[in-house]
Structure formats: structure tokens, C-alpha cells
Amino acid sequence: MTTVEETHAEVERLTVRPQFLFVRGGLSERRKSLVIQARRRRPAEGARPTVGKGFTATKKVGNAVIRNRARRRLKAAARELLPQLGVPGADYVFIARMDTADIGWQRLLDDMESALISLRAALNSGSGPA
RNA sequence: CCAGACGGCCGGGCAGUCGCUGGUAUAGCCGGUAAGGCUAUGCUGGAGGAAAGUCCGGGCUCCAUGGAAACAGGGCGGCGGAUAAUGUCCGCCCGGCGUGAGCCGAGGGAAAGUGCCACAGAGAGCAGACCGCCUCGCCGCUUGCGGCGAGGUAAGGGUGAAAGGGUGGGGUAAGAGCCCACCGCGGGGGCGGUAACGUCCCUGGCAUGGUAAACCCCGCCCGGAGCAAGACCGAAUAGGGGGCGCGCAUGGGCCGUUUCCAGCCCGCGCCCCGGGUGUGUCGCGUGAGGGCCGGUGCGAGCCGGCUCCCAGAGGAAUGACUGCACAGGCGCCGCAAGGCGCUGGACAGAACCCGGCUUACAGGCCGUCUGGUCAG
Numbered sequence: 078m079t080t081v082e083e084t085h086a087e088v089e090r091l092t093v094r095p096q097f098l099f100v101r102g103g104l105s106e107r108r109k110s111l112v113i114q115a116r117r118r119r120p121a122e123g124a125r126p127t128v129g130k131g132f133t134a135t136k137k138v139g140n141a142v143i144r145n146r147a148r149r150r151l152k153a154a155a156r157e158l159l160p161q162l163g164v165p166g167a168d169y170v171f172i173a174r175m176d177t178a179d180i181g182w183q184r185l186l187d188d189m190e191s192a193l194i195s196l197r198a199a200l201n202s203g204s205g206p207a
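Note that the numbering used here has the first sequence beginning at 78, numbered continuously upward.
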């Protein structure tokens, strides 16, 4: 529980394509309702380590309305979970799947929590960016 | 009340918690007491009727020196009107469908030319005797009828998408626009209408198959590219732009092609400006704008007055979750009114902006009209 307290890091938004491509080269966890990719950044000198987040939904998920809804639900869920479960100094990319827009809200939270915990264990076990 | 036609409108509501983004106010911090930026809090704005497909028409921006004609290419096509403009809309005409309200029409030209029309059929665009019908001759034979031969005939059968005007009568050996009436068609004229067209009269003779979203002919319209347009900031070279001086052609260039007219440019030297990509800023919302009222027009609209400011993101805000009502659907109970449970709210997300078209769409509301039925 003490680790939860100390990982209350600031969260930043990923905005440009190279950041997404960087994260794609890292770790990946897949659940029924979403896929999360994560990769530890090269630490910036002197600055406080932050958590990066980005969201994406491909055309496979559905039309524009479905994609927007899926991305917004991911954003809402990540806003609740990432400050506690995110590893400072790492970037996360949340990818929508077919069920993201329709699945029950609690199930979506459970999937994301489980995936984030797995990723935190993997990132902290020393297997850094390839 | 049932069935139907047309037009218009809505297309989820309210509340709470936590968030996003534009504007604005205040406070704090960073910065050079700057330009400006960041954070917090309050107030306030925040998707659609189709935001969609990107199919038409414009605005706006850049490129092209301006004008005229012809050609090429593309589009449009009854007539009149509306409009910034249209292939849109309104009114009307004509044709077709429907008992009707209404609906549908790519609706100029097929006696300028070319092409195509399979199969079937005797014959398919300078038509055509297969069966049939009729006359004559010869033969058989009981009148009749049958066979063979010569000829006439487009009324009937049959084929076909289409058989060379249609219906009726006269006529004839049988028939035929051969003749006549009406309809259709061509030509001319009168009247009504802005016109498409309607109507009436005279006349001709039957001379005219379909296809022009086939080529084509006729009339009208049309530069190209698009907000990733384009502008600003921006470090070095080149291309490029400007200024000054010198030179200057009979040649060449100036955005679909050609011709004509007018105009401009070309080479060298010096000086100055300037800058590919990316980031940031602008373009970026006061507009052919919305609402209400009045006038005008059959209508699409137009004119006038008052009033409002009403999304501006940029890996892309407008959301997530919860609760309560309310439509709708299904099941059960009940004679019924109704009750209970489950389910459950479509199509779909602005990306420079407007006017249209087309396509998708759960459910609901309003108005006008038509046909039927009942009552009066």
C-alpha cells in the first residue's frame, strides 16, 4: 500500500505520432475490452518523472461515433486508475477493441486494472525498453 | 371510425457527482515591472437533420497580363419565374398511371446523315405470297368438290419488340386510301395565352417502325486548383523578388489550342530583401446568419422594422457514471379501467463557410385533402 502512495505522479498526454510509435516497441497486455502498451522513457535530467498516456481506436472498432465513444470511455477509466497504478517515467497507450464501447463499466475498470498491475510488475522487474 | 395522399415539425427529458474545451472576470506564479505564458476559482457557450456520401451550385484564397472570335473538351435540355448560382426550388403546359387526393417523366431534333434492332418469320425499311381468299384454263367427277397450271390479292391466319396509318362504310371476282366519314399525320391560317401549348377552319395525300443516358445536329452555360487554399514568424546556400546603372532584336515568352488587337518581360554588374521541412500564429466565424412582426406575391420568394450573437477542436473538446420520471415492445393477471415483471430510446460526430441533391433513420406530434362506412 505504501507504493500506491508514492506513485501519485502527474499524468501527461501523448500527442504526436513518434510518441505512439515509441510505445509500440515496448510491453503489451491484452484484455477482452482493451489493449495497453507501455514503455519506460529515458529519464529527463532533474525533472519529476511523469506518467504519459495516449488513446487510439482503429477503424476496425466501428464508425466514428463508436470510435469516439470507445476512446472517451478509455479516457474516463484511465483518469481513475492511472494515477495510482501507473509507473512514473513510463508511457502508456490504450487501444480500443470491439467491446470497449458496449461492455459494462465495472468490467472495463477491472480489465484495465488487471492489465496495469501486470505491466507495473513487468516494468519494475528490470526488463526495460528493448 | 377505417384505408390512403401530401406538407411541416421533433428526434430523447430532468437532476446529481467527477471531468474536457472556447470565451470572460478575479487572484497567484513565471518572465526583464515587457510581449506573453501557466495554475486556481467564479460566470458563461459547446454537434446534426442528415454534421454523412462528396454528387452539383456559389462565397473565399492562390495561380494565369487584358479583350475579342473560332475550335476542342465538359455540362444542361417543355415554357415562364425565383435566386449569389445551380442539374435546386415555385407556377404552368404536355404525356402516362390512379375511382380520387395525387404520383411519375433525361420532356429539343429520328421526312441532315451514320450505326444497331438477336431469335423467329415467306417477308424487317428501294418490303413481303407460307397458309388462306378470288378469277381463268385443263383433267377427274353426281350439283358440289378435288388435283394440276397461269395469274390477281395485304381482308384473315401464323412469326415477332415492330408487318409499312387506325375504326366504320362504300366498292370489288377477291381485295387494296381505290373512294368517303371520323381519328391520327404533314402544310397553311384565325382566335386565346408572355410562352410551352390549347382551340377552330381550310387543305394535302397516306409520303413518316424503334433507338439520340449510340455517334450526331440545334440552343444555352462553363479558366484551373483547393483551407494540406493561402498569409505571417523563421538559421545557411541556390532558385526567386525589388532598386539603380549599362545594353536592347528582324527572335522568344506571358497556363486548353489557334488567330487578331493592346500591354508587359528577356542580357550583364552592384546593393538590398528573401528562404526547403517542422513548430507556432493568422485564415477561423457578423454570416447570401437566426428569431419575431408587418407589407407584397397563387407560389418559390422579395421588401421593411425590431431583436439576438448562437461550437471552433487539432492523436482531434461537447464525455463517464448514477438516480428519477416518460414514450415504445413483450409476457402474465383482469369483463374492463388498469396493475405487475422484463426489456428498452434509431441513423449517426462539426474540421473554411453557405445553398441544394442523394443516401441512412427507432419512435412520435401537427395540419390539409381524398375514397369508403355510420349517424344527423
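We put the beta carbon where it would ideally sit given N, CA and C, even for glycine.
Selection from the options that minimises the alpha carbon distance to residue i
i    : options                   : result
G29  : E190, A198 and P126       : Nothing can be reported for residue 29, as the shown portion of the chain is limited to 78 through 207.
Q183 : L91, I172, A153 and V142  : A153
A134 : V128, R197 and S110       : S110
L185 : L104, Y169, R148 and Q96  : R148
V138 : R156, G103, R107 and M175 : M175
Cross-strand partners of residue i (DSSP beta bridge)
i    : result
G129 : E89 and D168
Y107 : Here residue 107 is Arg; the residue named in the question, Tyr, does not match the sequence. DSSP, once it has assigned bridges, lists V112 as partnering R107.
R117 : A167
Residues near residue i by beta carbon distance below 7 Å, same chain, minus five either side
i    : result
L151 : L111, F132, F171, A173 and T177
Proximal residues to residue i (C-beta, below 8 Å), its chain only, five neighbours per side dropped
i    : result
V164 : T84, A115, R117, V128, L196, R197, L200 and N201
Under 7 Å between C-beta atoms of residue i and residue j
i    : j    : result
K136 : Y169 : no
Start-to-end residues for the alpha helix (DSSP H) that takes in residue i
i    : result
N145 : A141 to L162
I180 : Where I180 is concerned, there is no enclosing alpha helix (DSSP H), given that its DSSP letter is neither H nor E.
V100 : R94 to R101
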